Structures are given as C-alpha cells and as structure tokens.
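First up is the structure itself, then whatever we jot down about it.
In this note's numbering, the protein residues as written are 81 to 598.
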C-alpha cells in the first residue's frame, strides 16, 4: 500500500508534467481556430478580454474608444481597442479565406456645437499600445497618420463611420467609408439620405459581413429605432480580397478620434463576432519554427529521461519488495512446517471464494490485529477465516503464533486451526468449528467476549490465539514479555507490574468475561 500510494503520487506528478508540456507546446505551436464571442453589454471585468491604448477603456457599460472622463480635455485624442485573441483570416497553404460577421452598437454623443471626428471597425496585423500611430487624432480616426497614410506596410483594413467632413474627398459629415492602408476611402456612402444620423446620441447598429468564399464585403447600418431590413439592403456591397493586403492572422477591434475644436464621445455598447474555421497554424504553415523545435526537443527528452528513471526506480523497488515478501514467506513457512502438527496451507483464491471475496457481510468479529469472516470451503465445510490487517507490524508474528499454538492443541472448547495462507501480502488463518481434547496448557492472554465463537448449535468456542503461548516446558509456568499484551479491561492489574502472563491472569480475564455475560 505504501508503494502504491507513492506510485499514485508520482503518476499525478507525471500527469501534471505532461499537462505542462502540452500547454507549453500549445503556446509554442499556436493553432488559431475560428473566433467567436458576444458582449450584449460590457462590464469592467471584460477588460481582461481586450487590449487597449492609453485613451481607451471599459466604462459605463461600453467600450470608450476615446476618453469620456469629465474634467479631462477630450480634444486631439485617438484610441484603439482590440479583442485579445487573433482571427485566422486566411490560409496560404490551402488558399482559402474565412468568413466573418461583426455586429456592434455605436453610440456617438456630441459634447459641443461642433463635433467629430469619427469611429471605425478595424482589422490590423498587430495589437498593443505601441501599434497605434502617433498623431493619429483628428481626421486620421486613429487609423494612420500623415507619414504612414497610404503605406502598404500598414496592413490595416477599416470601415469608418465618419462624423466630420475633414477634407475634400469626404462626402459629408455623416458617412461610411472603406479604408485600406489609408484614410482615403476606396468606397464611401452617405447616411443622410437613408435616415441615419451617427451623431444624434441614439444607438446605431452596424453589421460588417465578409464572405471569404465569394470575397464579397457587405456593410449594413440602421438606427436602433428603425425597422431592420439589413439582409436585403446593405449600404455597401463590393468585391474585396482581404488576403491580398492583410496577413493570415489579424486582430479585430475599433479606433476613434477627436479633433482640435471638435468634441464627442465614441462608444461601442455591444459587440457580437462570429467567424468560420479554416484550420491554420500561425508559424511557417507547418506549425513549428526551427527555434521552437530547439525548445521542444530538449523538453521532450527530459520527459523521456524522467519517465525512464521513474520506471527503473519503481521496478527496482518492486523487485526488492518482492524479495522481502519472498524471504518473509519462506521464514513463515519454515516456522510453521517445523511445528509437529503443521496445518494445511490454502491458496488465497480458495479463501476468497469461501468468504465471497472477503465480503463485509460475512464478518463475524473484529480484533486488534484483524477481522474474522465466516466462510464455506469447496467441500461445504464451514470455517472462520481470520484476515490480518495489512498494516499490522506484528501480522507475521501473530500468524506464526496462532498457527503453531492452536495447531498443537486439541480441546473441545477450542477452535482448531485447519489451515493458513500467505499470498500477495495477505495473512490468513482458517479455523474449524469442531474440536477434540487439549493435551498442553496454553496461556491465551486475550480472553474476551469478541474472541468467543458460537457454532450453529450455539456451542461456545474460544479462538484468536495470536497472543497465545504454551507453557509447562521444562517446568516453566508463566510467560514473560517485554510488551504488555491483551485488551484493557480484561487484563489483570499485576500484568502491568510484573510483565508476566500466567494461568491466574487468564482466570482474571475469564472472570471479567463471566461478569460481562451476567
């Protein structure tokens, strides 16, 4: 049992180590699956799912893409917010593209008589505080700045919801535009003739849908108090291959800005995003870079060496334990066989069968060193089987004492040992219910009610001779012991003083038994 517990503990440790390896490999070889999430509203704890820049955060149940704090200047601001996990947009090896649907609620509130600049939905190659361009406030909407505008290295896609006509190419101060690496839209549509006002401090619902198979982009926008008919009437529908200018893995999010003399709050109150799974790995199309292989291979070698060491250690321990058990078994067998009337040795399987695999329902009694169970042998002979506790340090000594002591006794009121067994660290004695006369005097040393057995005819028999000793050898009339043996309450007072077991100490215990029965 000791080694089993050790093995279980080490198995748990190895399992934890395996889990660590798998997590580490999962970190080193990241498989980017489909991206799906939904926020009907935002709470502060949702900030853990997001990546923000200096002027953006979660507050008042919404994403504040640019600051809304009272008393703090909110001019010339730009900010971005991304979802923390990337989107696998396309697969270079398979030449397939993901489809996605990003639906969100925009809330823009003017803070002065003039307002702007606007808000946009983004797909970017990277995320983080350092990834937003400097001086991207005002007309740049947090997308680019004057020096990066139009550069193919930007690798950015945006759907802008512009609230100010900042330069001549803008249609008006209330339009939607499609931006690729630039603030100059490749396609734009005015919302004014559609009954939509982005800056009216009323929720505006926008949905951006991209079909990766047909490479069609559709944008739907309507006021929250309008009848929704977006599936049939997109405000923008255009062919667009996002894989031609964006990397395979991108981050999704929002950007916004305010200008020099324009003030407005730029909020996202809800956001739902779904995408298809195209099955891609984020490193060299094969999932593992050479550098990461150099990390993984030593870790796996260490694991193999650890498991090999564990196997060798416990194989040696198990062999050593088996040798110890074999030596103990030989010692027990020699001592029992040297007895003048050595009883029969049973196989463990026979005693298991006789007692119903040591069924607790068959327990007749319980003592300090084991339990006694009722059993029926193959020849229909009724026996009592004493099973010693495995954790008992005196188990082997008690077995030898009981077998050699009772095995040499014959008395009608004593149970007779008919056999014994020692297999798989199990110490067992099989006791008969029928007896003859006794030839030698024996000191039982543990007479008590639980050691009295009754047969089917209610005839009493005394059993459990694990502490029994024979006397009157060379005139000796007592047994001396260094350790006090017996059951408190049945032991004679002088036993604690003289350290001897005598006929009189057994008589005292028998008197206590009679008093108890009476």
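Yeah, the Cβ is synthetic: ideal placement off N, Cα and C, and Gly gets one too. Every value quoted in this text rests on a predicted model; they were computed, and no experiment measured them.
Using the beta-carbon count (16 or more within 10 Å), is residue i buried or exposed?
i, result
"residue 571", "buried"
"residue 195", "buried"
"residue 255", "buried"
"residue 140", "exposed"
"residue 272", "exposed"
"residue 424", "exposed"
"residue 280", "exposed"
"residue 27", "Coverage of the chain is limited to positions 81 through 598, which leaves residue 27 absent and any answer about it impossible."
"residue 528", "buried"
"residue 531", "buried"
"residue 380", "exposed"
"residue 294", "exposed"
"residue 510", "buried"
"residue 121", "exposed"
"residue 587", "exposed"
"residue 148", "buried"
"residue 398", "exposed"
"residue 591", "exposed"
"residue 257", "buried"
Would the beta-carbon of residue i fall within 9 Å of that of residue j?
i, j, result
"residue 351", "residue 117", "yes"
"residue 284", "residue 296", "no"
"residue 157", "residue 332", "no"
"residue 198", "residue 304", "no"
"residue 161", "residue 288", "no"
"residue 264", "residue 229", "yes"
"residue 58", "residue 236", "As displayed, the chain neither begins before 81 nor continues past 598, which places residue 58 out of reach and without an answer."
"residue 269", "residue 166", "no"
"residue 322", "residue 300", "no"
"residue 178", "residue 292", "yes"
"residue 439", "residue 453", "yes"
"residue 334", "residue 183", "no"
"residue 127", "residue 138", "yes"
"residue 316", "residue 274", "no"
"residue 234", "residue 261", "yes"
"residue 599", "residue 193", "Since the displayed the chain opens at 81 and closes at 598, residue 599 lies outside it and no answer follows."
In the DSSP assignment, find the alpha helix (DSSP H) that holds residue i and state where it starts and stops.
i, result
"residue 434", "428-434"
Classify residue i as helix, strand or coil using the three-state DSSP reduction.
i, result
"residue 211", "helix"
"residue 268", "strand"
"residue 127", "helix"
"residue 178", "coil"
"residue 225", "coil"
"residue 531", "helix"
"residue 584", "helix"
"residue 589", "helix"
"residue 244", "coil"
"residue 132", "strand"
"residue 395", "helix"
"residue 597", "helix"
"residue 145", "coil"
"residue 322", "helix"
"residue 377", "helix"
"residue 190", "strand"
"residue 437", "coil"
"residue 507", "strand"
"residue 169", "coil"
"residue 219", "helix"
"residue 388", "helix"
"residue 278", "coil"
Looking at the unbroken beta strand (DSSP E) that takes in residue i, where does it start and where does it end?
i, result
"residue 59", "Because the chain in this structure spans residues 81 to 598, residue 59 falls outside the shown range and cannot be described."
"residue 258", "255-260"
"residue 303", "296-303"
"residue 154", "No beta strand (DSSP E) holds residue 154; DSSP gives it neither H nor E."
"residue 196", "First-last for residue 196: undefined, no H or E at that position."
"residue 349", "344-355"
"residue 338", "329-338"
"residue 251", "No beta strand (DSSP E) contains residue 251, which DSSP labels as neither H nor E."
"residue 162", "158-163"
"residue 139", "137-139"
"residue 466", "462-468"
"residue 291", "284-291"
"residue 117", "117-119"
"residue 274", "Taken as a continuous stretch (DSSP letters only), residue 274 belongs to no beta strand (DSSP E), as it is neither H nor E."
"residue 443", "443-446"
"residue 450", "450-456"
Would you please verify whether the beta carbon of residue i is less than 9 Å from any beta carbon of chain D?
i, result
"residue 449", "The chain labelled as chain D is not found in the depicted structure, where only one protein chain is given."
Checklist entry - Given 8 Å as the limit, is there contact between the stretch 446-463 and the stretch 378-392, that is, 3 or more CB pairs closer than that? => result no
Next on the checklist: Below 8 Å, how does it come out for the stretch 203-211 and the stretch 127-139: are there three or more Cβ pairs, yes or no?
Outcome noted: yes
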